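Going by full-length UniProt numbering, the letters in the sequence shown line up with residues 1 to 231, in that order.
Heads up, the beta-carbon is just placed ideally off N, CA and C, and yes, glycines get one too.
Since the structure is predicted, the reported quantities are computational estimates derived from the model, not experimental observations.
First the structure, in the form of structure tokens, and then the observations on it.
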Amino acid sequence: MPGKVLVVGVVVAVVVIAIALILLMHPFASKPSVAYLTVNAPYAFLRPLGSGQYELFYYDQQGNLHDLGTYNVSSTVLSEAVNEINSFNQQNAGTMINGQNFIPLSYEVVIGNSTGVVKIPIQGDTILLDKVNPGYWTVLVTDQNDLTKLAYALDVGYKEAAIVASTSDLWYQPGVGTVLTETLNLQSMSGFVGGYVIVMNNGTLVPWGFGGGNTGYYLQFITQASGTGYS
Numbered sequence: 001m002p003g004k005v006l007v008v009g010v011v012v013a014v015v016v017i018a019i020a021l022i023l024l025m026h027p028f029a030s031k032p033s034v035a036y037l038t039v040n041a042p043y044a045f046l047r048p049l050g051s052g053q054y055e056l057f058y059y060d061q062q063g064n065l066h067d068l069g070t071y072n073v074s075s076t077v078l079s080e081a082v083n084e085i086n087s088f089n090q091q092n093a094g095t096m097i098n099g100q101n102f103i104p105l106s107y108e109v110v111i112g113n114s115t116g117v118v119k120i121p122i123q124g125d126t127i128l129l130d131k132v133n134p135g136y137w138t139v140l141v142t143d144q145n146d147l148t149k150l151a152y153a154l155d156v157g158y159k160e161a162a163i164v165a166s167t168s169d170l171w172y173q174p175g176v177g178t179v180l181t182e183t184l185n186l187q188s189m190s191g192f193v194g195g196y197v198i199v200m201n202n203g204t205l206v207p208w209g210f211g212g213g214n215t216g217y218y219l220q221f222i223t224q225a226s227g228t229g230y231s
């Protein structure tokens with residue numbers, strides 16, 4: 001019996017040593033460290049590509065597009081916002097808004113800063129959006145065809161950012177008025193705030209809404225729009 005115990009003990013010791021050697025030679029891979037990507041622009045944008053991936057980009061002051069690559073994004077707040085947008089689009093598909101067919105709302109993420117330089121935390125191929133001050137990022141909603149215009153205007157410049165007055169004829173304008181109304185309807189059933197417009201330097205009107213009181217409250221164009229009326 002003592003001999004059997006001795007043999008078992010030796011076997012266990014050998015196994016433990018073998019495991020220790022394996023771990024020493026092949027240590028567990030540690031997570032990549034968090035790095036910060038610096039963007040020299042008022043705002044950087046994340047546009048969904050599908051399958052949970054996003055294109056990171058910005059425009060310089062000359063209006064040139066800079067594509068910074070494709071990333072995954074880690075954010076519970078963003079996931080909740082996307083679910084709200086998708087649910088809204090599903091519920092309203094096939095309906096009429098202001099006499100027009102419902103236009104599905106699309107979205108992009110905007111990240112800014114008060115300094116004019118945006119720093120984005122990245123771990124490997126994942127942007128850690130929840131590590132960004134919530135006041136300096138939000139989810140923008142508008143028509144799919146206006147996402148590029150909105151990003152361009154915010155980086156390159158625009159005439160005015162404003163909330164549209166309830167008495168404005170803009171609410172009844174085909175296209176713009178339909179999307180304006182939809183952003184306001186989205187507000188009534190989610191955390192979003194709607195009914196805003198950006199006037200581009202060429203006079204083009206871009207309707208939009210944003211993620212609401214929990215995000216974006218330090219972004220300059222939102223503070224401007226909240227205090228300016230468009231009639």
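A contact is defined here as three or more CB-CB pairs under 8 angstroms, and the stretch 183-200 fails this definition with respect to the stretch 107-115. Nearest to Pro121 by alpha-carbon distance, out of Gly209, Tyr36, Thr215, Tyr217, is Tyr36. In the displayed model, Phe192 falls within coil according to three-state DSSP, outside both helix and strand. Looking at the DSSP output, Glu55 shares a beta bridge with Arg47, Thr70.
In the DSSP annotation of this structure, the continuous segment of the beta strand (DSSP E) that includes Gln123 starts and ends at 118-123.
With distances taken between CA atoms, Thr76 lies nearest to Leu128 out of Thr167, Tyr196, Leu128, Ser33. Contact between Leu65 and Tyr54 fails: their C-beta atoms lie close to 15 angstroms from each other, not under 8 angstroms. Around the beta-carbon of Val117, fewer than 16 other beta-carbon atoms lie within 10 Å, marking it exposed. Ser33 and Gly135 have their C-alpha atoms roughly 24 angstroms apart.
The beta carbon of Leu219 is closer than 6 angstroms to those of Gly112 in its chain, skipping five residues each way along the sequence. Within the same chain, Cβ atoms closer than 8 angstroms to the Cβ of Val132 are found at Ile111, Ile120, Pro121, the five residues on either side in sequence being excluded. Annotation: Ser87 is outside any beta strand (DSSP E); the continuous alpha helix (DSSP H) that includes it extends over 76-92. Cβ-Cβ distances below 7 angstroms link Gln100 to Pro174, Thr178 in the same chain, with the five nearest sequence neighbours on each side left out; the list follows chain order. Leu128 sits in a strand when the DSSP states are folded into three classes. The C-alpha of Tyr172 lies about 33 angstroms from the C-alpha of Gly50. With the rule of 3 Cβ pairs closer than 8 angstroms, the stretch 153-167 counts as touching the stretch 200-208. Taken through DSSP and simplified to helix, strand or coil, Asp143 comes out as strand.
Look at Ala41 here: in three-state DSSP terms it is coil, with no helix or strand label. For Phe210, the enclosing beta strand (DSSP E) covers residues 205-210.
Between Asp130 and Ser87, the CB-CB gap reaches or exceeds 8 angstroms.
Here the C-alpha atom of Tyr71 lies approximately 7 angstroms from the C-alpha atom of Leu56. In this structure, the alpha-carbon of Asn98 lies about 19 angstroms from that of Asp146.
Under the DSSP assignment, Ile222 falls in the alpha helix (DSSP H) whose first and last residues are 220-226. Of the candidates Lys31, Thr38, Pro42, the residue whose Cα lies closest to the Cα of Ala151 is Pro42.
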